[in-house]
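Protein chains in written order, with the numbering used here: chain A, 1 to 244; chain W, 245 to 622. All C-beta atoms, glycine included, are put in the ideal place defined by N, C-alpha and C.
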Amino acid sequence: MPVAARSPLVHVRNISKHFGEGESRVDALRDVSLDIYPGEVVALLGPSGSGKTTLLNVIGCIIEPSEGTVALDGDTVFDRRWLRSDLRRLRLEKLGFIFQFHNLLPFLDATDNVALVLELAGADTTSACKRAIDLLDYLEVGHRKTSFPAKLSGGEAQRVAIARALANRPRIILADEPTAALDSKRAGIVMDLLRKLAVEQQAAIIAVTHDDKIFDRFDRMFMLRDGRLDQEMSLRGKTAATPA
Amino acid sequence: MNLAYRDVRHNLFRFLLTCFGLSLLLCVVLAMIGIYRGIVVDALTIPHIANADVWVVAANTRGPFAEASRIPGDTREAVTRLHGVVSAGSVTYQTVEAESQGRKLRVYVIGYELDRLGGPRAIVEGRAIAQSHYELIADKRSGLELGDRIKLGRSNTFTVVGLTTGHVASGGDPVVFLTLLDSQKLQFDLAPPAARIEQARGIDVQSQDTVNAVIARVKDNSSPEAVAEATRRWKHLAALTEAEQEDILTRSVVDMARRQIGLFMSILLTVSAVVIALIIYTMTMEKLKQIATLKLIGAPDFKIVGMIVQQALSLGLIGFGFGALLIFNIKDYFPRRVVLEPDNVAAIGVIVVIVCLLASSLGVRAALRVDPATALGS
């Protein structure tokens, strides 16, 4: 099915975000629109200060845009009906986050790091641990399930972090420089893994990256410059929307 | 999943070390309270041992503890004849420094008439004084043991025949009991050269029948105030009831020491509160990145607040528990009496809990202000 014919998982329309007022006003995002579809892996590119992380934060329901609308998996957020606790719940159930430095909790072992998000969503301890172990096995780090983050290699820690991001079967996964702390071989493995997940679970994966070695793993790349969507590149022969 | 417990378990050595440090601090706080209470208890020990309703002392004095008091030895007979008095006894009080087994020993000597008021309340080992001279009963805190011989005053050697416990003076010195005659000799007997000088000045040095106070018990249906009032009619005497004597001791004799310790205890308590607050606040500050991550992945605020508050309370309560355990085990090694009453210890426990909650509120405030976006990026 052509991408454009399906409903987008992430629907961003005319988003602007500014910080401060008057002379100190900074326009981090200006009139950004994009759609991301199930099974897609897209990259947000751009120089420092171009608005990549701000856009990731807006899509991740962490900061509210000054203007525009965001819809995630059909739900329009930031339309004044949403409380902070609703956004937290939305993050817990629909979004998965992967960080540059994995951000695993150092006092929990690999299994508990993954099981934690399941328990936060209401799962009981037994079923949370079982799913956590299944996920770790799926990501080929099952043999390190009782290891604490300090004992894991960079690649292992990032795979545990991916398992945590996937635990609640989110439809949208946001990744902030997911391969920055990895060598090129492990970066390739992680990106292949993310692609596999996107296809198998029909999730949308949005990654902020500077790592040109993994550009070929993305379906589309959005280039941001000075808060504007400057260019959109399609790398997999899929439909490329014209930047707004 | 209890995050507070997991974090503590993961950093157990560090947590226990912090608890240990806090326990030492709280041990000192409890010790100061114990010393404070001990000063008050010690101050009241002697009047409690005397078990008297009325203290008869020299006119215009508040003796024998606040001021010097010397009255004739036969005053006891006059007091005994007062209406309402059941029994009376002459007593002397003085501090003596002696040498025992090669070490200096400072004792508070009480002289009393055998079989009259003023003697020890209970003898835990040995027997009461049976001879008119050269026997004494000592408190165990003096380090003396049954059969020990100790030289008091110029030349007389006394044998320890009985031991007591908890008999100490307001200065913390252990009490020894002598017969009234021995104590009068100890207090008023002059060295031969001094006696010769006094004789040359026309003073009778042979008469030693002077005492510091006469203590009296009154009948159950009689009023100590009435007996004291009757005594004051003799112009050379003054009389204090037990309540007045206790008031003098706590408000006058040990007041300075009590206030000093009280102030120091307050400062120590404040310092402890600040230290607890700093420890808990620092513990939270170290976790800001983890807290931001927890928020980002959808952890509710109560989970984060719970982690901070539970750790703060664990730290405070374990520290307090260790501290209390420590002071209860070492309090008897302090040179002065340390009195730890359950209500005082419980009060400190409650203060520690309140301080922990207040301190954790600083950490909670910081944690709740953490922007989940800080979890993104380096």
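Here residue 483(W) has 298, 300, 472, 475, 476 as same chain residues with Cβ atoms under 6 Å from its own Cβ, once five neighbours each way along the sequence are excluded. For residue 512(W), same chain residues with a beta-carbon under 6 Å away, outside a window of 5 residues either side, are 273, 276 in chain order. When rounded, the separation of the alpha-carbon atoms in residue 213(A) and residue 60(A) is 25 Å.
Boundaries of the beta strand (DSSP E) around residue 223(A): 220–225. Note that the C-beta distance between residue 198(A) and residue 41(A) is below 8 Å. Within the stretch 248–275 of chain W, the residues whose Cβ lies closer than 9 Å to some Cβ of chain A are 250, 251, 252, 253, 254, 255, listed in chain order. Ranked by Cα distance from residue 331(W), the first of 530(W), 464(W), 492(W) is 464(W). C-alpha of residue 203(A) to C-alpha of residue 611(W): approximately 32 Å in a straight line. DSSP places residue 360(W) outside any beta strand (DSSP E), giving it a letter other than H or E.
With respect to chain A, the C-beta atom of residue 557(W) has no partner C-beta closer than 8 Å.
In the DSSP assignment, residue 30(A) falls within the unbroken beta strand (DSSP E) covering 26–36. With respect to residue 583(W), residue 285(W) sits close: the two C-beta atoms are nearer than 8 Å. Distance from the CA atom of residue 538(W) to the CA atom of residue 66(A), rounded to whole angstroms, is 25 Å.
Annotation: residue 547(W) to residue 555(W) spans about 12 Å, alpha carbon to alpha carbon. Interface residue (Cβ-Cβ distance to chain W less than 8 Å): residue 119(A) is classified as such.
For residue 341(W), the enclosing beta strand (DSSP E) stretches over residues 329–344. Proximity of residue 144(A) to chain W, defined by a Cβ-Cβ separation below 8 Å, is not satisfied. Inter-residue distance for residue 140(A) and residue 253(W) is about 27 Å (C-alpha atoms, whole angstroms). In the DSSP assignment, the residues bridged to residue 176(A) are 208(A). Judged by their CB atoms, residue 383(W) and residue 412(W) are nearer to each other than the 8 Å cut-off.
For a Cβ distance threshold of 7 Å, nothing in chain A lies close to residue 521(W): the least Cβ distance comes to about 23 Å.
Legend: CB atoms of the stretch 527–560 of chain W lying less than 8 Å from CB atoms of chain A belong to residues 533, 534, 537, 538, 539, 540, 541, 542, 543, 544, 547.
With a cutoff of 8 Å on beta-carbon distance, residue 454(W) and residue 320(W) are scored as not near each other.
By the 16-neighbour rule on beta-carbons within 10 angstroms, residue 94(A) is buried.
Annotation: residue 369(W) to residue 405(W) spans about 8 Å, alpha carbon to alpha carbon. A contact is defined here as three or more CB-CB pairs under 8 Å, and the stretch 111–131 of chain A fails this definition with respect to the stretch 559–579 of chain W. Under the Cβ criterion of 8 Å, residue 131(A) is not counted among the residues facing chain W.
Secondary structure note for residue 97(A): its beta strand (DSSP E) is the uninterrupted segment 95–98.
Using a C-beta cut-off of 8 Å, the stretch 507–525 of chain W makes no contact with the stretch 322–341 of chain W, since fewer than three inter-stretch Cβ pairs fall below that distance. Secondary structure note for residue 70(A): its beta strand (DSSP E) is the uninterrupted segment 67–72.
Taking a Cβ-Cβ threshold of 8 Å, the residues of chain W close to residue 106(A) are 254, 534, in chain order. Classified as exposed, residue 22(A) has fewer than 16 neighbouring CB atoms from the shown chains inside 10 Å of its CB. Ranked by Cα distance from residue 328(W), the first of 557(W), 467(W), 249(W) is 467(W).
Minimum Cα-Cα distance from residue 105(A) among the listed residues 255(W), 599(W), 568(W) corresponds to 255(W). Identification of chain W residues near residue 63(A) by a Cβ-Cβ cut-off of 8 Å yields 617, ordered along the chain. Ranked by Cα distance from residue 145(A), the options 122(A), 113(A), 167(A), 118(A) are led by 113(A).
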